[in-house]
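Protein chains in written order, with my numbering: chain A, 18 to 347; chain B, 1221 to 1490.
Notes follow the structure.
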Amino acid sequence: MKPVLEVEGIHKYYQDKKLFGKEQSVVKAVNGVSFSLNKGEAFGLVGESGCGKSTTGKVIAQLIKQTSGVVRFQGQDLAELSAKQLKAWRKQVQIVFQDPYSSLNPKKTLEWILEEPLIIHKLGDKTWRRKRVIQVLADVGLDASFLKRYPHELSGGQRQRIAIAAALVLKPELIVIDEGVSALDVSVQAQILNLLKKLQHKYDLTYIFISHDLNVVQYFCDRIAVMYLGEIVETGTTEDIGDQPKHPYSQALFSAKPTMEGTTDRIILKGDMPDPAHAPAGCPFHTRCPLAMEQCGHVKPERVQMAGMHHVSCHLYEEGDMSHENRRCI
Amino acid sequence: MMTKPKSIPLFIGISLVVTISITMLISFFYTPYDPNEIHSASRLSSPSAEHLFGTDNFGRDILSRIMEGSQTAFLTGFSAVSIGLTVGLVIGACAGYFEGWLDELLMRFVDALLAFPGILLAIMLVSVFEPGMGSTIVALGIMSIPTFARIIRGSIIQYKKFDFVQASIAKGAGSLRIIFRHLLPNITSPILVAASLSFSGSVLAESGLSYLGLGVQPPDPSWGRMLKEAQPYITSAPWYVITTGLVITLMVLGFNLLGDGIRDSNDNRA
Chain A
18 MKPVLEVEGI
28 HKYYQDKKLF
38 GKEQSVVKAV
48 NGVSFSLNKG
58 EAFGLVGESG
68 CGKSTTGKVI
78 AQLIKQTSGV
88 VRFQGQDLAE
98 LSAKQLKAWR
108 KQVQIVFQDP
118 YSSLNPKKTL
128 EWILEEPLII
138 HKLGDKTWRR
148 KRVIQVLADV
158 GLDASFLKRY
168 PHELSGGQRQ
178 RIAIAAALVL
188 KPELIVIDEG
198 VSALDVSVQA
208 QILNLLKKLQ
218 HKYDLTYIFI
228 SHDLNVVQYF
238 CDRIAVMYLG
248 EIVETGTTED
258 IGDQPKHPYS
268 QALFSAKPTM
278 EGTTDRIILK
288 GDMPDPAHAP
298 AGCPFHTRCP
308 LAMEQCGHVK
318 PERVQMAGMH
328 HVSCHLYEEG
338 DMSHENRRCI
Chain B
1221 MMTKPKSIPL
1231 FIGISLVVTI
1241 SITMLISFFY
1251 TPYDPNEIHS
1261 ASRLSSPSAE
1271 HLFGTDNFGR
1281 DILSRIMEGS
1291 QTAFLTGFSA
1301 VSIGLTVGLV
1311 IGACAGYFEG
1321 WLDELLMRFV
1331 DALLAFPGIL
1341 LAIMLVSVFE
1351 PGMGSTIVAL
1361 GIMSIPTFAR
1371 IIRGSIIQYK
1381 KFDFVQASIA
1391 KGAGSLRIIF
1401 RHLLPNITSP
1411 ILVAASLSFS
1421 GSVLAESGLS
1431 YLGLGVQPPD
1441 PSWGRMLKEA
1451 QPYITSAPWY
1461 VITTGLVITL
1471 MVLGFNLLGD
1481 GIRDSNDNRA
């Protein structure tokens, strides 16, 4: 089956240029990220703050242009689209943001907010659009009485439902959910996650789910990619990574996950993530890796395949090296 | 927002502006005397029941002339704000939304305008073209461009980062839709404040120009020129200067308080 989305080696660099000064340092927000998504998948991007997961999401939604690399949607390279084609393409990919308090225009009614995407793409007439808006409201569990209300009259969970409805109204193929439930109460999080799952079946959706919350990602996603300092260090199915994280960073990350039993043998990483403006040479993680070897400091690890779809970028592992025991950090 | 003033300054501001506006409207239909009618018999008579604000050196009723002059004040203020707001909106919105070299270019132009003393610009314009209401309005309009451009640019940059704008771009909205439907409705408050302050500034500047004889020319009545005419009689007929000056002060104070009040009762429901 042809993948819905292919991301090949995207880089996003921010250059701090002064008007008359010489070129300043380069911040490598995303540094060579590749993955592909099949239809109907829920793909999780996890990592700590500043690792480039949101930037990756915005590049996929083409809210920012990548410095280099290719984003292909249903086989079509997005860089080749004209401005007009890009506008039409936007129907198919939507993005839902973290903060439900800033993701809805405070001066507009919910009806206006939900109808706008249809007006932008000149779909249907007034009565059809109204029907569609009411239908999509029902899909997210709200009724027509909300139409004339303003965002400030709604709770956080209701706002997030509206943000999802506004994304759904165009019947997209792919929705990027950028920390979509992180700002909500735990009980509301569960409601929204279940709603997203229900909608996935109804609308045949593919999700990219960006989050720092491992429990949420493990619950929601079929596949997970772990990002560190602008790079994907490990990808695999939720079971692969959740049960058998290979990369020392993933191991540390997943060991810190709170569980019902309380956390046991947590791996405590020393220091902070390096400044992305001065990323270390070699493996991005070697400055904090408890298992760092001599070569890690100057040779960038290749991506190697473990079992099935499980890939990891680490010098501890070799291609097809199935026999390797899971190397624990401690 | 307007129905229930929360602060005393806003209340005073609204009262002053409304009172002066009503007086201005009344002057279209009624003034106690013909503002230009000369009574040499009653020159410089002090305030009385007959002439509430007294009469000037030609025996004209000062109250009637102030009422008539309010039309000029409002017309210049309103037109200058309209010019400044329109041009400032275009410059500010383009600079703030597109940023980059266009922003750099437009804002340096605005900086240049800002660095140039406003009253000097007005004097220059008025002396190149002929003095009168038209050139005064244009000069005052140009003077108020930088304020609007900077405020609108700043607000647009601030709101552009909001997720609802990004979400709308992701839905395919074009630049014009983003600017007019998403950004401007959210920045009406700072624009209103700027408009109100700029209005009072223009009224004051018009009075200043007219005082120098460069603004509105006779026979159009003007507060600034009335002040100039009153100057020689400042000791013999102090009411002439005091009433005229007081009205200018109250007008400027009213619009300033109104602007401050709007800013304080910022109605941004998040």
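Beta carbons: idealized from backbone N, C-alpha and C, even for Gly.
Bear in mind the structure is a predicted one, so any value in this text is a computation, not a measurement.
Asked	Found
Counterpart residues of E251/A in DSSP-defined beta bridges	V243/A and V329/A
Min CB distance Q1386/B to chain A below 9 Å	yes
Buried/exposed call for W1443/B, threshold 16 Cβ in 10 Å	buried
Sequence-distant residues of the same chain with beta carbon closer than 6 Å to K70/A, five excluded per side	L62, G64, I227 and M244
As assigned by DSSP and simplified to three states, the class of H218/A	helix
Residue environment, A1490/B, which counts as buried when at least 16 other CB atoms sit within 10 Å	Note that A1490/B has pLDDT 37, beneath the 50 cutoff, so the model's placement of it is unreliable and the number below is only indicative. Exposed: under 16 other Cβ atoms inside 10 Å.
For Q351/A, the three-state DSSP class (helix, strand or coil)	Beyond the ends of chain A as shown, which are 18 and 347, falls residue 351/A; an answer cannot be given.
Beta carbon of L171/A nearer than 9 Å to that of I179/A	yes
C-alpha distance - A183/A paired with P1410/B, whole-angstrom precision	29 Å
Residues that V1358/B bridges to, as DSSP identifies them	According to DSSP, which records beta bridges pairwise, V1358/B is partnered with nothing at all.
CB contact below 9 Å: A183/A versus chain B	yes
Endpoints, alpha helix (DSSP H) assigned at L1340/B	G1338 to V1348
Cutoff 9 Å: H1259/B Cβ touching any chain A Cβ	no
CB-CB length for G1361/B against I1303/B, believed under 8 Å	3 Å
Residues bridged to Y31/A [DSSP beta-bridge criterion]	V44/A
Inter-residue spacing [alpha-carbon to alpha-carbon] between A298/A and L222/A	39 Å
Strand pairing of F90/A, partner residues [DSSP]	L22/A and Q93/A
Beta-carbon gap between R1263/B and D1281/B smaller than 9 Å	no
Whole-angstrom C-beta distance between G1392/B and L107/A, which should lie under 8 Å	At residue 107/A the sequence reads Arg, which differs from the Leu that was named. 4 Å between Cβ atoms; contact.
Bounding residues of the alpha helix (DSSP H) (the contiguous stretch that carries G1479/B)	P1458 to D1484
Element boundaries [alpha helix (DSSP H), containing T84/A]	Here T84/A belongs to no alpha helix (DSSP H), and DSSP marks it neither H nor E.
Q93/A versus A1387/B: straight-line alpha-carbon distance, rounded	22 Å
Endpoints, beta strand (DSSP E) assigned at Q322/A	R320 to Q322
Contacts around V153/A, its chain only, beta-carbon distance under 6 Å, and the 5 residues preceding and following it disregarded	A182, L185 and V186
Closer than 9 Å to chain A by CB, A1390/B	yes
DSSP state of I1234/B mapped onto helix, strand, coil	helix
Test item: CB-CB of R224/A and V205/A under 9 Å	The sequence shown places Tyr at residue 224/A, rather than the Arg named in the question. Going by C-beta atoms, Y224/A is not nearer than 9 Å to V205/A.
DSSP state of L1447/B mapped onto helix, strand, coil	helix
Cβ-Cβ distance between G1481/B and I1234/B below 9 Å	yes
Residues that V110/A bridges to, as DSSP identifies them	L191/A
Within-9 Å CB hit, N1476/B to chain A	no
Beta-carbon neighbours of F1406/B, restricted to chain A and to distances below 9 Å	Note on identity: in this sequence residue 1406/B is Asn, with Phe being the wrong assignment. Neighbours of N1406/B on chain A, chain order: N122, P123 and K124.
Segments assigned alpha helix (DSSP H), at least 4 residues, entirely inside the stretch 112-144 of chain A	127-137
Given Q1291/B as reference, the closest of G1316/B, T1455/B, R1328/B and I1242/B once Cα atoms are compared	I1242/B
Boundaries of the beta strand (DSSP E) in which I225/A is found, first to last residue	T223 to S228
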